[in-house]
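Protein chains: 2
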Amino acid sequence: MARAPQAHYVFVGDTARLPYGSKSRRTIARYAAQSARFLVEEQGADYLVIACNTASALALDDIKEAVSSSVSVLGVIEPGAAAARRSSRTGDVLVMATDATVQSHAYATACAAKGLRALEKACPLLVPLVEEGWTAHQVTAEVIRIYLDELVAEAAAKGLNPDTLVLGCTHYPLIKPLIEAAVPAGMKIIDSAESVADKLVMYLCNDLGAPPATAPTDPQLRFFATDSVEKFERLGSRFLGRPVGPVELLDLGG
Amino acid sequence: MARAPQAHYVFVGDTARLPYGSKSRRTIARYAAQSARFLVEEQGADYLVIACNTASALALDDIKEAVSSSVSVLGVIEPGAAAARRSSRTGDVLVMATDATVQSHAYATACAAKGLRALEKACPLLVPLVEEGWTAHQVTAEVIRIYLDELVAEAAAKGLNPDTLVLGCTHYPLIKPLIEAAVPAGMKIIDSAESVADKLVMYLCNDLGAPPATAPTDPQLRFFATDSVEKFERLGSRFLGRPVGPVELLDLGG
């Protein structure tokens, strides 16, 4: 929004069926395709950003199949791997993600295609801790330390020399300060959201031209949630860093 | 199963849409009614045990409306409150539960009807900790201590003198040893599952007569899950304390 304020943004949060990260590929693909069809067929989206690592890792092809081929579909795995490639000197990277994302090995595959070796670790407690609002809590710091110690020890046992950590879940940037405090000295941390925004702005500029010199400061925004709109307004505002609302209730039939 | 081995049991786990405890009444009621209709209309159930505190607290009436009036529907809130009534000398009880159950105040209402004062506390991290398998982990002990300290302090501030704690979520009995170690000395802990089993056996004996003297030792069991059957077999076995399977995949349309 900061970099392409001329675009219109429509956000769907499938809150009635979250979290995706503990579910199977089949179920995640069905849910993600329903949201994608809503955004394209009913909201007229020209670009789809799959702003969820789990859905990007397990359902990108299903989402592309579910919508018109004229729609550009952008996941978060490939830009995250590209940012890791730019960051890493040793060629070895660590990935923290949900259970489903790790089991798909989407990051390992995307990193391998760029000549990187990636070691992935499922961190299922981090999403609930962020949802609970414990983003600066000592329990969260302790859980991060436990997960990272296991991940770093496993990397050492495999003879890897990682210098980069990819945050493979959209919830993790909210606890980035705690993660920064826990990683070994000198390790760089990649938040794929930045890379995704780069790529989306490139698409927009190619298709629509550069943003107008006097771009609107307040882009047009619309929010949908499949469960309680009040809860989404509360949590969404914490994620976005500005008030979210009004939120509209969306029935995807599930 | 131990006490009514002559009955046939069919279990539905709506794993594609779990957890219910963080969702709205409207969504929980819709999901629970779909499972109830499946059990009654397609599996021929005569009794429904709503073995989930959140669904019992928020959707018991919706479930009763969704199925034939000849079906006995048994939630876990009322038996839990009855057990608290039998346990408490002071008349003041504490309840740990999910966010949705606490917001419904179902336990406070059921306890008040029995002359008890109940103070409820949402403990949203406990379900993810159990699902992660950290049932004897020091992080789980620390989270329990934080929740209980807040609950006990709030009770003291309100002038309550609680002597009984109700475990208001089906996941919590798996961490009962950690909770026992954290409660003030002398506090009794209520697991409503025991009370529910009492009540169900009473129904069954009234309707079907006493169990046969040579009851089958292995009751007839059938399991359905709406997401990964492999994951359900793994986690379900941990909950039941014996192998669960085979599990059948169920599509409730969501």
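Protein chains in written order, with this note's numbering: chain A, 939 to 1192; chain B, 939 to 1192.
Here a beta-carbon is modelled for each residue, glycine too, at the ideal position from N, C-alpha and C.
Since this is a predicted model, take the numbers as computed values, not measurements.
Per DSSP, the continuous beta strand (DSSP E) segment holding B:M1034 begins and ends at 1030-1035. Fewer than three pairs of CB atoms, one per stretch, sit closer than 8 Å, so the segment 966-980 of chain B makes no contact with the segment 978-995 of chain A.
The DSSP assignment places 1076-1095 as complete runs of the alpha helix (DSSP H) inside the segment 1076-1109 of chain A, in order along the chain (cut-off: 4 residues). Counting only residues of its own chain and dropping the five nearest sequence neighbours on each side, B:E1186 has a CB closer than 8 Å to the CB of R1160, F1161, F1162, A1163, V1167. Linking B:A1120 to A:L1032 through their CA atoms gives a straight-line distance of about 37 Å. A straight line joining the alpha-carbon of B:Q944 with that of A:A997 spans about 45 Å. Exposure of A:R1180 is indicated by the presence of fewer than 16 other C-beta atoms within 10 angstroms of its C-beta.
Separation of A:E1118 and A:A1035 (C-alpha to C-alpha, rounded to the nearest whole angstrom) is 16 Å. At a cut-off of 8 Å, the C-beta of B:E1080 has a neighbouring C-beta in chain A. The beta-carbon of B:K1059 is placed no less than 8 Å from the nearest beta-carbon of chain A. Linking B:S962 to B:A1038 through their CA atoms gives a straight-line distance of about 7 Å. Following the DSSP letters along the chain, one finds A:Q972 inside the alpha helix (DSSP H) bounded by residues 963-975. Per DSSP, A:Y1141 lies in no beta strand (DSSP E) segment; the continuous alpha helix (DSSP H) that holds it begins and ends at 1130-1146.
Contact between the segment 1040-1053 of chain A and the segment 1082-1102 of chain A is absent, with fewer than three C-beta pairs closer than 8 Å. Here the alpha carbon of A:V1009 sits roughly 14 Å from the alpha carbon of A:L1146. Excluding sequence positions up to five before and after A:C1107, its CB lies within less than 6 Å of the CB of N991, A1035, T1036, all in the same chain and listed in chain order.
Nearest Cα to B:P1062 within the set B:L1086, B:E1132, B:R1024: B:L1086. Taking a Cβ-Cβ cut-off of 9 Å, A:R1024 has no neighbours in chain B, whose nearest Cβ is about 33 Å from it. For A:S994, the uninterrupted alpha helix (DSSP H) segment begins and ends at 991-1004. In the structure shown, the three-state DSSP call for B:G1018 is helix. Within chain A, not a single residue places a beta-carbon under 7 Å from that of B:T1108; the smallest gap is close to 17 Å. Looking at the backbone, the Cα of A:A1131 and that of A:V1014 are separated by about 7 Å. In terms of CA proximity to A:G1029, A:L1098 leads the group A:L1067, A:L1098, A:I1082, A:A1060. Within the segment 1165-1176 of chain A, contact with chain B at the beta-carbon level (separation under 8 Å) is assigned to D1165, S1166, K1169. B:P1066 has its alpha-carbon roughly 12 Å from the corresponding atom of B:V1081.
Identification of chain B residues near A:P1062 by a Cβ-Cβ cut-off of 9 Å yields P1066, E1069, E1070, ordered along the chain.
Taking all protein chains in view, the Cβ of A:H946 is surrounded by fewer than 16 other Cβ atoms within 10 Å, so the residue is classified as exposed. B:G951 is classed as buried because its beta carbon has at least 16 other beta carbons within 10 Å across all chains shown. Secondary structure at B:E1058: strand, using DSSP grouped into helix, strand and coil.
Taking C-alpha positions only, A:F949 is separated from A:S1133 by approximately 19 Å.
Listed along chain B is no residue with a C-beta nearer than 7 Å to that of A:T1036; the closest approach is about 12 Å. For B:E1069, the enclosing alpha helix (DSSP H) begins and ends at 1064-1069.
Per DSSP, B:S1010 lies in no alpha helix (DSSP H); the unbroken beta strand (DSSP E) holding it starts and ends at 1010-1012. Residue pairing by DSSP puts B:F1162 in a beta bridge opposite B:V950, B:E1186.
At a Cβ-Cβ threshold of 8 Å, A:L1105 and A:P1111 count as neighbours. The beta carbon of B:K1002 does not come within 8 Å of any beta carbon belonging to chain A, so the residue lies off that interface.
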